[in-house]
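Enquirer: Pasting a structure below so you can have a look.
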Amino acid sequence: MNILVLGGGGREHAMAWKAAQSPLAETIYCAPGNPGMAQLDKAECVAVDAEDFAAVRQLVQDKNVAMVLVGPEAPLAAGIVDALADTGAMVFGPCKAAARLEASKAFAKEFMARHNIPTAPYAAFTDATAAKAYVERVGAPLVVKADGLAAGKGVTVAMDNETALQAIDDAMVTGVFGDAGSQIIIEGYLDGEEASILAFSDGKTVVPMASSQDHKAALDGDKGPNTGGMGAYSPAPVVTDALMARIQKEVLDPCVAGMAADGSPYIGVLYAGLMITKKGPEVVEFNCRFGDPETQVVLPRLTSDLVEIVRACCTGTLDAIALDYTSDACATIVMASEGYPASYPKGRAITGIEAAEADESTQVFHAGTGLKDGALVTTGGRVLAVTAQAATLEETLKKAYAGVDKIHFDGAQFRTDIGQKAFRHG
Ligand code: AMP
Ligand code: GLY
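Its first residue numbered 5, the sequence shown is counted upward by one per residue in our numbering.
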């Protein structure tokens, strides 16, 4: 079948790369894709914006697309699944109503409260004065979050009241997140180690993928501003088998059952961002799609056929599918532009990708890359992700960083401590 992948980041490169391994996949169209995706055997990039629904519809019809894999949250939140419903293609992702789990934090918190899904206590505000009064009353530590989509940057973890008050001003008075910040939620601070659980859902059955851990802060030691994610590894030893069983029972099952009971069955990837606290798993956020960069470490470990799994999700037959993983560890290191997540330069020449990929267990997933006069240059904040796989995490990290050492662009920044938390678990 012909497949369409929407998006053009590292996550989408990993999705297209994995889908291309399926014997079911004929041509994989990527809209808009990126230069890394363009190099995949079965892939063809088309200059269509994933958020231009009319153009995407046309593409699905013109290219006889049977399956659409939606990468980013924006088209899902805007209703791409609803918009393509009558094309006959299997569109993998939640409908607009179900995507509110990510698109509105107030919706997600209210949903979790109603369905007894463990998460921090919270209050929602549309008025800055009321929000500030709440901060004065409850007191830090608190977490201030813009309600809407803000590319992972709308969250301030405030260890003191001043920081919380400033975050309220930024979101609601200065408006740095635009409309996304016109409503905010303020929630209790959760202490623990984070983990990401991505799960496949067909609306009734929800099957977790291998655990992983993201590194959201820009700098080593979890310092600096929050980013989209600077690296990841899988499996995450903080998620023991016993904990995974609790996550299934306390988070994933009630979420999918609750969405169905509320009339918007959840089909697609359900991403639970969790804090593993002393009490157990607590939901920090739900996302309505694969994680970036978690996908770049979870899909390489998946030995089952992604296209078969997606087909099962779209046809309500996920209960008949088993997911298999290699016992290898996988890690990915994001190389970002100088200045990211604030403003950054573009157009810097990138070299060394081929040298990094000379090691056959190393794969470079492109994100913010482009071609200028035939040469590869930086075009985004997160430029690429160097992924490696090996029997142990230690060996994996060595390989991944060896790959990073071979790649060059001016001002490249990356964290040097990806995966280190895993070693605390012995
Ligand atoms: P979010 O976009 O909601 O995932 O938040 C981004 C990051 O902020 C998370 O990955 C956490 O590191 C941190 N964070 C969010 N909510 C909390 C919380 N309630 N307690 C502690 N840290 C949090
Ligand atoms: N890695 C965080 C996210 O995909 O939202």
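Beta carbons: idealized from backbone N, C-alpha and C, even for Gly.
As the structure is a computational prediction, the values presented were derived from the model and not from experiment.
What beta strand (DSSP E) runs, 3 residues minimum, are completely inside the stretch 362 to 414?
Expert: 366 to 370, 373 to 376, 379 to 382, 386 to 394
Enquirer: Going by beta carbon distance, what residues of the same chain come within less than 8 Å of V159, once the five residues before and after it are set aside?
Expert: The beta carbon of V159 lies closer than 8 Å to those of V147, V148, K149, A150, N230 in the same chain, with the five residues before and after it left out.
Enquirer: Going by the C-beta, is G277 closer than 8 Å to any heavy atom of ligand 1?
Expert: yes
Enquirer: For ligand 2, is there a heavy atom less than 8 Å away from the beta-carbon of K149?
Expert: It does not: the Cβ of K149 is nowhere closer than 8 Å to a heavy atom of ligand 2.
Enquirer: At which residues does the beta strand (DSSP E) containing M263 begin and terminate?
Expert: First-last for M263: 257 to 265, but that is the alpha helix (DSSP H), not the beta strand (DSSP E).
Enquirer: Is G385 closer than 9 Å to G235 when the C-beta atoms are compared?
Expert: no
Enquirer: Residues bridged to F96 by DSSP?
Expert: In DSSP, F96 forms a bridge with L73.
Enquirer: With H, G and I counted as helix, E and B as strand and the rest as coil, what does DSSP make of A24?
Expert: helix
Enquirer: Is it buried or exposed, M163, if we count other Cβ atoms within 10 angstroms and call 16 or more buried?
Expert: M163 comes out exposed.
Enquirer: Within a Cβ cutoff of 8 Å, which residues of the same chain sit near E77, ignoring the five residues on either side of it in sequence?
Expert: Closer than 8 Å at the Cβ level, and outside the excluded window around E77, lie A103, E106, A107, L153, N291, C292, R293.
Enquirer: So V72 packs on L169, CB below 8 Å; how close in whole Å?
Expert: Contact flag wrong, Cβ pair sits at about 44 Å.
Enquirer: Would you call G430 buried or exposed, if buried means 16 or more other Cβ atoms sit within 10 Å of its Cβ?
Expert: exposed
Enquirer: Please determine whether the Cβ atom of N165 lies at a distance below 8 Å from any heavy atom of ligand 1.
Expert: It does not: the Cβ of N165 is nowhere closer than 8 Å to a heavy atom of ligand 1.
Enquirer: Nearest-angstrom Cα distance between A127 and I189?
Expert: Cα-Cα distance, rounded: 6 Å.
Enquirer: Cutting at 8 Å between CB atoms, please list the residues of its own chain near E140, excluding the five before and the five after it.
Expert: N165
Enquirer: I want to check one thing, is the minimum distance from the CB of K220 to the heavy atoms of ligand 2 below 8 Å?
Expert: For K220, the shortest C-beta to heavy atom distance toward ligand 2 is below 8 Å.
Enquirer: When you measure from the CB of A236 to every non-hydrogen atom of ligand 2, does any distance come out below 8 Å?
Expert: yes
Enquirer: Give a yes or no on whether the C-beta atoms belonging to L194 and A117 are separated by under 9 Å.
Expert: no
Enquirer: Excluding the five sequence neighbours on either side, which residues of its own chain have a C-beta within less than 6 Å of the C-beta of L323, listed in chain order?
Expert: Reading the sequence as shown, one finds Asp at residue 323 and not Leu. The answer, listed in chain order, is T209.
Enquirer: Between which residues of its own chain and D174 is the CB-CB distance below 7 Å, once the five residues before and five after are set aside?
Expert: Cβ within range, chain order: V180.
Enquirer: Does the beta-carbon distance from M339 to V381 come in below 9 Å?
Expert: no
Enquirer: What I want to know is whether the C-beta of V381 ends up closer than 8 Å to one or more non-hydrogen atoms of ligand 1.
Expert: no
Enquirer: Per DSSP, A246 is paired with what?
Expert: BP columns for A246 are empty, so no partner.
Enquirer: With a cut-off of 8 Å on the beta carbons, I'd call G91 and D206 a contact; round off their distance for me.
Expert: Contrary to the premise, residue 91 reads as Thr rather than Gly in this sequence. Actually they are not in contact, since the Cβ atoms of T91 and D206 sit about 19 Å apart, beyond 8 Å.
Enquirer: Between M213 and A18, what straight-line distance do the alpha-carbon atoms span, to the nearest angstrom?
Expert: C-alpha separation (whole angstroms): 15 Å.
Enquirer: Figure out for me which residue from I7, D377, E197 has the closest Cα to the Cα of G284.
Expert: Measuring from the Cα of G284, the nearest candidate turns out to be E197.
Enquirer: Could you check if N291 belongs to the surroundings of ligand 2, using beta carbon to heavy atom distance under 8 Å?
Expert: yes
Enquirer: Can you give the beta carbon distance from A371 to V387, rounded, assuming they're within the 8 Å contact cut?
Expert: 6 Å
Enquirer: Restricting to runs no shorter than 3 residues, where is the beta strand (DSSP E) found entirely within the stretch 105 to 153?
Expert: Annotation: the stretch 105 to 153 contains the following complete segments of the beta strand (DSSP E) (minimum length 3 residues), in chain order: 126 to 129, 146 to 150.
Enquirer: Got a sec? Which residues, its chain only, sit under 8 Å from L327 by beta carbon, not counting five neighbours each side?
Expert: F204, V211, M213, L306, S308, I313
Enquirer: Near I7, what residues of its chain come up, given a Cβ to Cβ distance below 6 Å and the 5 sequence neighbours on each side ignored?
Expert: Contacts found: A23, A29, I32, M71.
Enquirer: Confirm, please, whether the CB-CB distance from L247 to I280 is below 9 Å.
Expert: yes
Enquirer: Provide the residue span of the alpha helix (DSSP H) that contains D195, from first to last.
Expert: From DSSP, D195 is part of no alpha helix (DSSP H); its letter is neither H nor E.
Enquirer: Pull the bridge partners of V481 from the DSSP assignment, please.
Expert: Because the chain spans 5 through 430 in this model, residue 481 falls outside it and cannot be assessed.
Enquirer: Checking the sheet assignment: what are the DSSP bridge partners for N68?
Expert: Answer is none; N68 lacks a bridge partner.
Enquirer: Less than 9 Å between the beta carbons of A335 and A406, yes or no?
Expert: no
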